Amino acid sequence: MKLVTFTDPQSGRTRVGRVESDGRIQDLTATVGARTLRDVIEEWDRLGSAVASATDLPVVDAPQLRPPIELPRTLYAVGKNYRNHVQEFGRSGYDNPDLSTDIPTVPVIFSKVPSSVTGPFDAIDPHQAVTSELDYEAELAVIIGRGGRGISREQAMDHVWGYTIINDVTARDQQRDHQQWLIGKSLDTFAPMGPWAVTADEVGDPARLEVSATVNGEPRQKALVSDLIFDIPELIRTISAGITLYSGDVIATGTPAGVGISFTPPRFLQPGDVVECAVTGLGALRNTIGAAPK
Ligand code: MG
0 MKLVTFTDPQ
10 SGRTRVGRVE
20 SDGRIQDLTA
30 TVGARTLRDV
40 IEEWDRLGSA
50 VASATDLPVV
60 DAPQLRPPIE
70 LPRTLYAVGK
80 NYRNHVQEFG
90 RSGYDNPDLS
100 TDIPTVPVIF
110 SKVPSSVTGP
120 FDAIDPHQAV
130 TSELDYEAEL
140 AVIIGRGGRG
150 ISREQAMDHV
160 WGYTIINDVT
170 ARDQQRDHQQ
180 WLIGKSLDTF
190 APMGPWAVTA
200 DEVGDPARLE
210 VSATVNGEPR
220 QKALVSDLIF
230 DIPELIRTIS
240 AGITLYSGDV
250 IATGTPAGVG
260 ISFTPPRFLQ
270 PGDVVECAVT
280 GLGALRNTIG
290 AAPK
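For the sequence shown, numbering that gives the first Met the number 0 assigns the number 0 to the initial residue and increments by one for each residue that follows.
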């Protein structure tokens with residue numbers, strides 16, 4: 000099942016919808032009320048079957064898609080989680096100060112502030128007063144269903160509600176200069192998310208999914224999720240060892256090779272560029288570098 004958060008242009012209300020097989024979006028307000036998708040996921044044990052079986056729902060005309068989880072309680076991310084990306088990042092000199100191409104022995108977990116989240120087709124603010132080194136990172140993102148702490152590898156997939164796509168947009172100069180990635184990865188609009196939230200049962204084994212990115216139609220990134228150095232159960236085990244995971248928390252699992260800094264010279268994003276990030280079965284983000292959405 001594919002669910003979305005959308006704004007109805009007629010009423011101006013933001014609601015949860017269900018994507019039908021023909022691509023139309025049906026309004027689930029009659030089933031879930033004014034709940035956010037994060038709330039629906041938190042109450043999934045009670046609401047999930049009703050959401051799946053609801054019929055005769057109104058079709059929304061020209062819905063504006065919002066990020067499926069508009070304000071995750073925490074947006075986790077993972078650095079250097081594909082081998083080829085570790086190599087290119089180390090070579091680039093941006094991994095200040097150690098220039099390491101070593102494969103990490105434990106997951107490199109960081110977070111993006113939740114307010115960096117923006118819609119799947121919104122403009123990415125180039126923040127030209129802050130950065131001149133804007134880069135993209137296509138990533139599979141995990142949406143946590145049932146929260147918990149001390150989750151084992153064996154139990155981990157039971158805590159995955161579903162999946163979406165995140166572009167982990169990064170200001171490379173800020174990432175390098177601050178030697179801590181929060182600022183460089185958290186500028187407003189630096190986390191396009193969506194277009195849908197797809198349930199785990201529809202996705203099946205995430206390892207077979209392909210993550211890809213293009214810039215102005217030119218292929219830049221392509222890899223299988225099976226190439227992850229630390230897989231999804233390991234990420235959940237690591238984070239939840241001492242931090243409680245909550246429903247609707249999102250984990251961006253890392254990006255494969257082919258980001259802008261892998262080129263010589265680097266190919267940073269410029270105003271007007273269009274970056275698309277896709278994952279098998281999860282749709283695609285399409286964001287223009289331009290003015291921030293109003
Ligand atoms: Mg990333």
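In this text, a Cβ means the ideal position worked out from N, Cα and C, and glycines have one as well.
Here the structure is a predicted model, which is why all the values come from computation and not from measurement.
Helix, strand or coil: which one does DSSP assign to Val58?
Correct three-state label for Val58: strand.
Got a sec? Which residues, its chain only, sit under 6 Å from Pro66 by beta carbon, not counting five neighbours each side?
So the qualifying residues of the chain are Val116, Gly118, Met192, Gly193.
Would the beta-carbon of Val141 fall within 8 Å of that of Thr252?
Contact check for Val141 against Thr252 passes: the beta carbons are separated by less than 8 Å.
In the DSSP assignment, find the unbroken beta strand (DSSP E) run with Leu64 in it and report its ends.
First-last of the beta strand (DSSP E) with Leu64: 63 to 65.
Which same chain residues, not among the five before or five after Thr28, have their C-beta less than 6 Å away from its C-beta?
Taking Thr28 as the centre and dropping the five residues before and after it, the same chain places the C-beta of Arg14 closer than 6 Å to its C-beta, in chain order.
What does Met192 pair with, by DSSP beta-bridge criteria?
As a beta-bridge residue in DSSP terms, Met192 pairs with Ile165.
Is there a Cβ from chain C that is less than 8 Å from the Cβ of Ala196?
Here chain C cannot be found, since the structure has a single protein chain.
Taking only the alpha-carbon atoms, compute the straight-line gap between Arg90 and Leu186 and give it to the nearest angstrom.
If you take the alpha carbons of Arg90 and Leu186, they lie about 25 Å apart.
Going by the beta-carbon positions, is the gap between Tyr93 and Gln174 smaller than 8 Å?
It is a contact, given that the beta carbons lie within the stated cut-off.
If you run the structure through DSSP and keep just helix, strand and coil, what is Asp272?
Coil at Asp272, not helix or strand.
Endpoints, the beta strand (DSSP E) within which Asn286 is located
Where Asn286 is concerned, the enclosing beta strand (DSSP E) stretches over 282 to 287.
Supposed close pair Val210, Val278 - CB separation, criterion 8 Å
The Cβ separation is near 5 Å, so the contact holds.
Contact set for Gln154: own chain, Cβ-Cβ below 6 Å, skip 5 residues either direction
Same-chain partners within the cutoff: there are none.
Is any heavy atom in ligand 1 found nearer than 7 Å to the beta carbon of Thr263?
Thr263 has its CB no nearer than 7 Å to any heavy atom of ligand 1.
Note down, one range per segment and in chain order, each alpha helix (DSSP H) of at least 4 residues found wholly within the region 192 to 265.
For the region 192 to 265, whole alpha helix (DSSP H) runs of length 4 or above, ordered along the chain, are 199 to 202, 231 to 239.
Which residue marks the beginning of the alpha helix (DSSP H) containing Thr30, and which one marks its end?
Counting along the chain, the unbroken alpha helix (DSSP H) around Thr30 starts and ends at 28 to 31.
Pick helix, strand or coil for Ala155, following the three-state DSSP scheme.
Correct three-state label for Ala155: helix.
Status (buried if at least 16 other CB within 10 Å, exposed otherwise) for Thr163
Under the 10 Å beta carbon count, Thr163 is surrounded by 16 or more other beta carbons and is classified as buried.
Please find out if some non-hydrogen atom of ligand 1 comes closer than 7 Å to the beta-carbon of Glu136.
Yes, ligand 1 has a heavy atom inside 7 Å of this Cβ.
Please report the distance separating the alpha-carbon of Ala61 from that of Ala256.
Straight-line Cα distance between these residues: approximately 36 Å.
Is any non-hydrogen atom of ligand 1 found closer than 7 Å to the C-beta of Ala33, if you look at the structure I gave you?
Not one heavy atom of ligand 1 is found less than 7 Å from the C-beta of Ala33.
Nearer than 7 Å: is that true of the beta carbon of Asp167 relative to any heavy atom of ligand 1?
Yes, Cβ of Asp167 sits closer than 7 Å to a heavy atom of ligand 1.
First and last residue of the uninterrupted beta strand (DSSP E) at Phe109:
For Phe109, the enclosing beta strand (DSSP E) starts and ends at 107 to 111.
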